Amino acid sequence: MHRRIWTITSALVLMLGASFVLFHKVTSIGVTAEPLKSSQVNKSVIQTHTPTIFMPGWATSANSFNAMIGYMQGERTAGKVMRINVDFFGRIHVIGRLKKTDINPLIQVTFDRNLGNSYQPQAKWLNQILMLLKRRYHVNEYNAVGHSWGGSAMVTQLIRYGNDERLPKLHKMVLLSAPVDESIDRPKDVLPSGKPKRSSHSYRQLIAARNNLWANSQAQIFNVYGSANGEDTDNSVPIVQAQALRYLVHDIVPQYHEILMKNTNHHQIHTTIRSYKLVTNLLFGKPGSKP
Numbered sequence: 000m001h002r003r004i005w006t007i008t009s010a011l012v013l014m015l016g017a018s019f020v021l022f023h024k025v026t027s028i029g030v031t032a033e034p035l036k037s038s039q040v041n042k043s044v045i046q047t048h049t050p051t052i053f054m055p056g057w058a059t060s061a062n063s064f065n066a067m068i069g070y071m072q073g074e075r076t077a078g079k080v081m082r083i084n085v086d087f088f089g090r091i092h093v094i095g096r097l098k099k100t101d102i103n104p105l106i107q108v109t110f111d112r113n114l115g116n117s118y119q120p121q122a123k124w125l126n127q128i129l130m131l132l133k134r135r136y137h138v139n140e141y142n143a144v145g146h147s148w149g150g151s152a153m154v155t156q157l158i159r160y161g162n163d164e165r166l167p168k169l170h171k172m173v174l175l176s177a178p179v180d181e182s183i184d185r186p187k188d189v190l191p192s193g194k195p196k197r198s199s200h201s202y203r204q205l206i207a208a209r210n211n212l213w214a215n216s217q218a219q220i221f222n223v224y225g226s227a228n229g230e231d232t233d234n235s236v237p238i239v240q241a242q243a244l245r246y247l248v249h250d251i252v253p254q255y256h257e258i259l260m261k262n263t264n265h266h267q268i269h270t271t272i273r274s275y276k277l278v279t280n281l282l283f284g285k286p287g288s289k290p
């Protein structure tokens, strides 16, 4: 009897394990790469060779930005050229090719291990990816788009490690509902200076390392957050958690901007036509165009 129970239990464990692996295999498959040709570029956008990296949030992978990237390719404003996958053991795999002549090239980052209780591993992996891009593909500057914890990982990498000379410089960063200090929930939790009255351990680490931002003080940072049903939250991330970035960058990064998307929840902020158009314009809009 005990042997039979053990056999059934083992079979269930194997089935769950196989399902887990299959889930990650499926969610790690990105939208098809379609490099953009000069003759195809939509006239409403600029043409640049700066690659844009897309960072998914918690428990998501390629599915987080497949639709947005697909929209950009369909509108001929940008083209995916590469997917970089970090496997369950932290090994980096490059699928595709980045060329110096690529126009508005997009790089989709995916993680097989994306169900942890912290985004710190993703921040370190992103740091390795950026080093690889500079070393192997001679990338000197980059854009980055991140949703939720993907954006949190981007902020952490930028502030804690971004002064490393082995890294490319940040050109533009677009954050979509990225919590920067998850210890606060309401506006009254913040001092008039913008500093949270209480801080998480990870936020205190960012405060201690904020001088590293001088290495990327020329960057443009767009902090986009949502308000669902007129509330001070997108039903997942309170606005003040995203606004906590302001205190960290206010006197170092002059081109820091906050954008409130009304009637937008945590999912909609990266999965609607309105958000696709906003991100496209922030990254590739011609001077004078409105987000």
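Just so we're aligned: 289 in numbering that gives the first Met the number 0 is position 290 of the sequence shown, and the numbers increase by one with no gaps anywhere. Note that beta-carbon positions come from the ideal geometry of N, C-alpha and C, so glycine has one too. None of the values given here were measured: they were computed from a predicted structure.
Could you check where the beta strand (DSSP E) with residue i kicks off and where it finishes?
| i | result |
| --- | --- |
| threonine 109 | 104–110 |
| isoleucine 258 | 255–261 |
Indicate whether at least one CB of chain C lies closer than 7 Å to the CB of residue i.
| i | result |
| --- | --- |
| proline 34 | Here chain C cannot be found, since the structure has a single protein chain. |
Kindly identify the DSSP beta-bridge partner or partners of residue i.
| i | result |
| --- | --- |
| asparagine 210 | Note: asparagine 210 sits in no beta bridge, so no partner. |
| asparagine 142 | Thr51 and Lys171 |
| tyrosine 246 | DSSP, once it has assigned bridges, lists no residue as partnering tyrosine 246. |
| arginine 82 | Ile94 and Gln107 |
| threonine 100 | Beta-bridge pairing links threonine 100 to no other residue. |
| proline 237 | Thr232 |
| valine 179 | Note: valine 179 sits in no beta bridge, so no partner. |
| valine 44 | Gly284 |
| valine 189 | Pro195 |
What did DSSP end up calling residue i once you bin it into helix, strand or coil?
| i | result |
| --- | --- |
| lysine 24 | Residue placement at lysine 24 is poorly supported in this model, since its pLDDT is 44, which falls under 50; the coordinates are not used for a value here. |
| leucine 114 | coil |
| glycine 225 | strand |
| serine 199 | coil |
| glutamine 370 | The structure shown does not extend to residue 370, since the chain is modelled only from 0 to 290, so the question has no answer here. |
| glycine 89 | coil |
| glycine 284 | strand |
| isoleucine 7 | Residue confidence for isoleucine 7 is low, a pLDDT of 48 falling below 50, so the modelled location carries little weight; the figure read from the coordinates is stated next. Three-state result, isoleucine 7: helix. |
| valine 278 | helix |
| leucine 166 | coil |
| alanine 77 | coil |
| isoleucine 251 | coil |
| asparagine 62 | helix |
| histidine 266 | coil |
| threonine 271 | coil |
I think residue i touches residue j, with their Cβ atoms under 8 Å apart; what is that distance to the nearest whole Å?
| i | j | result |
| --- | --- | --- |
| proline 178 | alanine 241 | 6 Å |
| alanine 243 | asparagine 162 | That pair is no contact at about 21 Å. |
| glycine 225 | serine 176 | 6 Å |
| isoleucine 83 | valine 93 | 6 Å |
| leucine 277 | lysine 171 | Not really, about 13 Å apart at Cβ, beyond 8 Å. |
| tyrosine 141 | leucine 114 | Not a contact, Cβ separation roughly 26 Å. |
| arginine 165 | lysine 133 | 6 Å |
| alanine 32 | glycine 95 | 5 Å |
| phenylalanine 53 | valine 138 | The Cβ separation is near 15 Å, so there is no contact. |
| tryptophan 124 | valine 85 | 5 Å |
| valine 236 | methionine 260 | So it is not a contact: roughly 12 Å between Cβ atoms. |
Terminal residues of the continuous alpha helix (DSSP H) containing residue i?
| i | result |
| --- | --- |
| proline 120 | 119–136 |
| tryptophan 148 | 148–160 |
| alanine 32 | Taken as a continuous stretch (DSSP letters only), alanine 32 belongs to no alpha helix (DSSP H), as it is neither H nor E. |
| isoleucine 68 | 65–73 |
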